[in-house]
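Q: Order-wise, the sequence lines are chains A and B.
Read in order, the letters of the first sequence correspond to residues 1 to 612 in the numbering used here.
Read in order, the letters of the second sequence correspond to residues 1001 to 1658 in the numbering used here.
Note that CB positions come from ideal geometry on N, CA and C, so glycine has one too.
This structure is in structure tokens; I'll ask about it shortly.
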Amino acid sequence: MTSWILTITILSPVAGALLLMLPPYGDRASIRRSAVLYSLVTLGLTILALTRFYSIEEASDGAFVLMHELPWIVGESVEVVDMDGYLVEKPSIDISYRVGVDGISIWLVALTSFLMPLAILSSFTAIRERTREYYCLLLLLQAGLLGVFCAMDLLLFYVFFEFTLIPLFFLIGIWGGSQRRRAANKFFIYTLAGSVLLFAGIVYLSYYSYRTLGYVTLEIAELTRLGQGGYLPLDVQWWLFLAFAAGFAIKVPLFPVHTWLPLAHTEAPTAGSVILAGVLLKLGTYGFCRLSIPMFPDATFQLAPAVAVFAVIGIIYAALAAWVQSDVKKLVAYSSISHLGFCMLGLFSLKVAGVTGGVLYMINHGLSTAALFLIVGYIYERYHTRDIHEIGGLAKRMPWMAFFLIFFTLSSIGLPGLNGFVSEFLVLLATATSGQNSDGVGRGPLGYGYVIPAALGIILGATYMLWMCQRLLFGPLTEPANTPDTSAGLTADLTRREIGILVPIGLACIFLGVYPKPLLDTFESAARRNVLQSPFTYDFSDVRAPVIDIDDDHLATAVSANDLDVNGFYDSSGHGVGSIDAAQGIVRDAEIVSHASMTPALVGGGGRSRDD
Amino acid sequence: MTPETIEALRTYGLAILLAPLAGAIIAGAFGSKLLRDRTHWVSLLGVAGAFAAAVALFVTMQSAPVDARSVVIPIYDWITSGTNSVFRFELLIDPLTSVMLLTVTGISTLVVIYSRDYMRHHGTPEKGYERFFAYLALFVFSMCVLVLGGNFILLYVGWELVGLCSYLLIGFYYGRPAAAAAAKKAFLVNRVGDFGFGLGILLIYLTFGTLEYGAVFDLVRQGVTDSGAAIPDGRVTAIALLLLCGACGKSAQLPLHVWLPDAMEGPSPVSALIHAATMVTAGIYMIARCGAIFTASPVAMTVVATIGAATALFAATIALVQTDMKRILAYSTISQLGYMFLAIGVYAADSAMFHLFTHAFFKALLFLGAGSIMHAMGGVIDVRYFGGLRKLLPYTFITFLIGSLALAGFPLLSGFFSKDEIIHHALSVHPILGVIGLITAVLTAFYTFRMVFLAFFGPTRVPEGAVAHEAGRWMLLPLFVLSAGAIGAGYLGVEVTGKGFHHFLEPVFEHTFIAAGALHGAGHASVAHGGFWAEYWLMVLSGGLAIVSMIVAYVFYVRAPWIPGLVKASAAGVHRTLWNKYFVDEAYSLVVVEPARRIGKICVALDDYLIDGIVWFVTAVPRALAYALRTTQSGVLQGYGFSMVAGAAVIVVLVLWR
């Protein structure tokens, strides 16, 4: 059971979707009831997985647990030397269905499963046409999202990553606002363009794993060791980082590839926005944190300042843009861009506190922004407009809504005591101290200079959010004619259902603000073990020879040199042996090839000096 | 300290925090349905409970020896990131904390009592009655977090939370656009200050690797960072100036003073509690707490003193011409806070704290008195619309007069002692600072009594429709208590027995302000060590000036009311400038707000045209390709699907054949 729990969790929404599609078709009420039920089943499974996770000893050290593996594309087995220097049998192609979670991904899984029932509940009155298809797509989307966070195989990751596009494309395109076609297309093209580059990167990385290890593997753990062990030359790392970044930066979205987001958000139905902001954007930051940073450590270190500059520009740029929006939903959408800049800053500080804070930022942003989109949706359902000029003074009409809007605004602008503050604080702390070597993972690339503009972004964040509150809630009551529309069974203020959706999110915000330790502890161990494993020094002066580009001739020589019985403990023809030595030698120093010894010490200790 | 004492302090400390928090939560959760017009009891119980605990804490502390009255009490680990950065929820209890706690909880209790009647009209509670008391209790909790917190992050937490309460309470009458705008302005101007404050805290962490007060201050005094290296040049000054930004925001000092006058849109009890007696003094508390940092940087100290003196004078001049009583009092508060900054800047932190203490009494009294007038005048508080109220509101008049005398520095009332000390210290450091202090004292006495004479003397006038009535018992009780404080609090600072205010605080400032002050030749010791008569001449001078000033005000506004008009006409430009508060708001709008919004619009335009244009251009190639290659009438998706596969293939081929 333990090994299947993640698989069952990922598949449970798919099962739910299938059940919804099967006859007998019920009426609208029974469809949405079953949709909630199915999403609650997934939530239950997630809670089960979470308790399992916390019951496993290793999990607290940051290890991947609850692993489940099923062969998918597996070639004939070959004998190769693995990265520890042992001769092992490996399939020549090793692409499998592998899922597992560590302290970071388990909480993102939890976030997804937590938000989905709420998103479904929020659609009860808003979606009145083609409800069956709508809930099916939401559930399928959830399956894709859960898959991404659990995937331990790069191809599987990519499949899930891409799969999420399809349900969301239809959710926006069918149930969206007046410009839904344009928004859906823009969203699709943008993210697809990034994905293509990501895919190219994945193909190249698998090819490179073959050249280095002698077999094709897409196992994330293996590829991470490849990058961490220094098997990837710097220029290869650069290209791969850029290719991966193209896919992830668009998802985040990082300035300047963010322009799809405001349109997609404004046109998407409320539940779509909730999931889009709450979870989908985190695929980008999660990708950086799970793949780019650990797999391409040297390129990450070199490119981090550039990423951070874009993040900081995005923070301020999006905040200013948010301030002049008159469409409330667009304002919240721009605020997302601004906030995720902080998250990126934390991740790329390459400090334990920064990664921890960045991951917590993902959760916190997921909660507070989802709630803000829900509230905007509630307003829209009643007034059929989100224009700040047409509605105002709503605190009189909707006191409950006003309470929640202020509450989540405060959470969003980082008021201490609520969740946003903790992550913002950690992110800025880590960015400021990035250049110090205090947490055992070496010096990071950022510094105090990045904090100043980011802190400016905090002022602006408060500015536009409070401006929005003032316009929407305070002052004399302004409403368009014939509103609020209560034809769908709504009341002027929030209904119990709507309050019931916001309350759990609010409680989570308070809990994370007052006692974030349980999450921070798991994030921290996972960040140390899986994101920033080895203490990087990034002192490239240590590399004795310049990095040589791989070419086939060179490889051939290297292989032939190693066809000899190197250490005498095996005498197979072992083409894999040559590969690994060649790669080591090429990455580090041509001299190493001649005295390649198959000890782990060399693997870890060549070329790049460990941190002092 | 014995473990029993520490245990007792821990209990009291937690009680001070939890009682008002519980009050706030209960009032917020059950106020609207269950408690309704009884909500004030919950709030009062919480706040008074905190006051009782603060008294108990003070008494317990007295039992400890003088040099061992500082203790840090950890509660729980809040934010952790590995073993090296653990931020605890911990309480620091020392004489400074104790003084602040007594002031905060004491005044709060009185204000809650006062609000019971103030927030009613003819016996019926106002709309949002329970919300008001929930906010008040929440404020007390927040302020106690601020002063009890044992590290910089808790200081920041309290700092932000009181800002939130201030926001909520200023905007209490949210239906009024002016109130909503004032609330937002207060929050945002404070955020500007917090920008520096937050950066300062990060810089502390960057330099010292910790945010605990004790550890940071020890390192600063030793002049080393956590790794043992010398602190980089100018780092301490930078930290101090960044922290000062926050203090300027919270305590409404130049150039971030603009929010406080607007904050008077909130109910009067709020103005008394938050915007006069407690929250706005947080900046002074913070600088006093961080004495080790500030005194390590003479530059920062000079800046503090300069800002303080400039603000004191600046705000006092504006108060001369305003007609809204609450605004006059607001500018007066800014000016008095300026005095406190000035005091700290001349190494007299104990005098600053003393002035903070006495000011809390008489300014809260004045605001509550103004509230009583406003209550009687049907919401009008502009002195142009009423006058001669001393017959109609006799108790309010007497108490208001006492508060005014204390504020004006009338001899032997509380304000006289504390203000005099500050001027004395300022003179000993730099004559100009002292002279500014004296001039401000003259202006203070004048504008205070201008207000008194306009409101209470002359022919009786009330606004149309107002039924003037003296306040009820709930409102009068706090006025009487505060009057007693305004008269008597000053004598706590007169060091005859050697057990007074300054001696109590001495252990806190011993190694910081007192030591550094001696080094910089500030005449610190004279008052604190019984040199009561050493500054006799100054007392006579400032007391005399205050009295002269009051007499001038009497002549201007009672005997010969044509003079102010004449002065106004002969110096129209000056009057216009003062009336418009030196046009600072207008300047900020023109220089900061408008350009920022314009840039925002440019950003949106860039998104819509430049970036989207580039994207369109980039995608034009595959689109054209797909279009050309599309043979059947396929949908859009297939086209993109094709271009995706084709593009991927091209890239893979390129990579592999490289």
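#1: For Val593 of chain A, count neighbouring C-beta atoms within 10 Å of its own C-beta (all shown protein chains included) and say buried if the count is 16 or more, exposed if not.
#2: What's the gap between the Cα of His1529 of chain B and the Cα of Gly1013 of chain B?
#3: Could you tell me whether the segment 1155-1175 of chain B touches the segment 1102-1120 of chain B, using the rule of 3 or more Cβ pairs below 8 Å?
#4: If you count every other CB in all the chains shown that lies within 10 Å of the CB of Pro1595 of chain B, and 16 or more means buried, which is it?
#5: Hey, is the segment 127-135 of chain A in contact with the segment 505-518 of chain A, meaning 3+ C-beta pairs nearer than 8 Å?
#6: Looking at the C-beta of Ser92 of chain A, does it have a partner C-beta in chain B at a distance below 8 Å?
#7: Check this for me: beta carbons of Glu267 of chain A and Arg180 of chain A, under 8 Å apart or not?
#8: Who are the near neighbours of Phe169 of chain A in its chain, counting only those whose CB is closer than 6 Å to its CB and skipping five residues on each side?
#9: So, is Glu424 of chain A buried or exposed, given that buried needs 16 or more other C-beta atoms within 10 angstroms?
#10: Hey, could you find the ends of the alpha helix (DSSP H) Glu222 of chain A is sitting in?
#11: Closer than 8 Å by beta-carbon distance: list the chain D residues that pair up with Val451 of chain A, in chain order.
#12: Using the beta-carbon count (16 or more within 10 Å), is Arg443 of chain A buried or exposed?
#13: Expressed to the nearest angstrom, what Euclidean distance is found between the alpha-carbon atoms of Thr433 of chain A and Glu1421 of chain B?
#14: Taking only beta-carbon positions, decide if Tyr448 of chain A is within less than 8 Å of chain B.
#15: Using a beta-carbon distance below 8 Å, is Ser579 of chain A in contact with chain B?
#16: Note down, in chain order, each residue of its chain lying with its Cβ closer than 6 Å to the Cβ of Ser39 of chain A, except the 5 sequence neighbours on either side.
#17: Using 8 Å as the limit for Cβ to Cβ distance, is Trp467 of chain A near chain B?
#18: Cβ closer than 9 Å: which chain B residues qualify as neighbours of Trp72 of chain A?
#19: For His1122 of chain B, count the other beta carbons within 10 Å of its own beta carbon; 16 or more makes it buried, fewer makes it exposed. Which is it?
#20: Spatial neighbours of Leu1161 of chain B within its chain, please: CB distance less than 6 Å, with the 5 preceding and 5 following residues excluded, ordered by chain position.
#21: For Pro1662 of chain B, which three-state DSSP category applies?
#22: Any C-beta of chain B sitting closer than 8 Å to the C-beta of Glu524 of chain A?
#23: List, from N- to C-terminal side, the alpha helix (DSSP H) runs of 4 residues or more that fit wholly inside the segment 496-529 of chain A.
#24: Just to make sure I have the definition right: I need the residues of chain B whose C-beta is within less than 7 Å of the C-beta of Phe163 of chain A. Which are they?
#25: Return yes when the Cβ of Phe1187 of chain B is within less than 8 Å of the Cβ of Gly1158 of chain B, no when it is not.
#26: Would you tell me roughly how many angstroms separate the C-alpha atoms of Gly1531 of chain B and Met1475 of chain B, rounded to the nearest one?
#27: Which two residues bound the contiguous alpha helix (DSSP H) that contains Thr1396 of chain B?
#28: For Ile1422 of chain B, go through chain A and note every residue whose CB falls closer than 8 Å to its CB, in chain order.
#29: Just verifying my parser: in three-state terms, what is the DSSP assignment at Gly1458 of chain B?
#30: Please name the residue, chosen from B:Val1346, B:Asp1077, B:Phe1453 and B:Ser1351, that lies closest to Phe1504 of chain B on a Cα-to-Cα basis.
#31: With DSSP collapsed to three states, give me the class of His1257 of chain B.
#32: Decide if Gln584 of chain A is buried, meaning its Cβ has at least 16 other Cβ atoms within 10 Å, or exposed.
#33: Excluding five sequence neighbours on each side, which residues of the same chain lie with their C-beta closer than 7 Å to the C-beta of Ser1032 of chain B?
#34: Can you check which of these residues, A:Thr409, A:Tyr158, A:Leu145 and A:Tyr450, is closest to Ala306 of chain A by C-alpha distance?
#35: How about Met152 of chain A and Val328 of chain A: are their beta carbons less than 8 Å apart?
#36: With DSSP run on the structure shown, which of helix, strand or coil describes His384 of chain A?
A: Concretely, from the data shown:
#1: Confidence at Val593 of chain A is low in this model, with a pLDDT of 37, below 50, so the placement of that residue should be treated as unreliable; the coordinate-derived value is given next. The residue is buried, with at least 16 neighbouring Cβ atoms inside 10 Å.
#2: For His1529 of chain B, the predicted model reports a pLDDT of 43, less than 50, meaning its position is unreliable and no value from the coordinates is stated.
#3: no
#4: exposed
#5: no
#6: no
#7: yes
#8: Ala184 and Phe188
#9: buried
#10: Ile220 to Gln228
#11: Annotation note: the requested chain D is absent from the structure, which comprises protein chains A and B.
#12: buried
#13: 43 Å
#14: yes
#15: Reliability fails at Ser579 of chain A, whose pLDDT of 39 lies under 50, so the model's placement of it is uncertain and the value that follows must be treated cautiously. Chain B, which has no Cβ nearer than 8 Å to the Cβ of Ser579 of chain A, makes this no.
#16: Met116, Pro117 and Ile120
#17: yes
#18: Within chain B, no residue comes near Trp72 of chain A; the closest Cβ sits about 20 Å away, beyond 9 Å.
#19: exposed
#20: Ser1142
#21: The displayed coordinates of chain B run from 1001 to 1658. Any statement about residue 1662 of chain B would go beyond what the structure contains.
#22: yes
#23: 496-514 and 517-526
#24: Those do not exist, as Phe163 of chain A stays about 14 Å from chain B at its closest Cβ, beyond 7 Å.
#25: no
#26: Confidence at Gly1531 of chain B is low in this model, with a pLDDT of 49, below 50, so its placement is unreliable and no value can be given for it.
#27: Pro1394 to Ala1408
#28: Per Cβ cutoff of 8 Å: no residues; Ile1422 of chain B is ~33 Å from chain A at best.
#29: coil
#30: B:Ser1351
#31: coil
#32: Residue placement at Gln584 of chain A cannot be trusted, given a pLDDT of 41 that sits under 50; the coordinates are not used to answer.
#33: Glu1130
#34: A:Tyr450
#35: no
#36: coil
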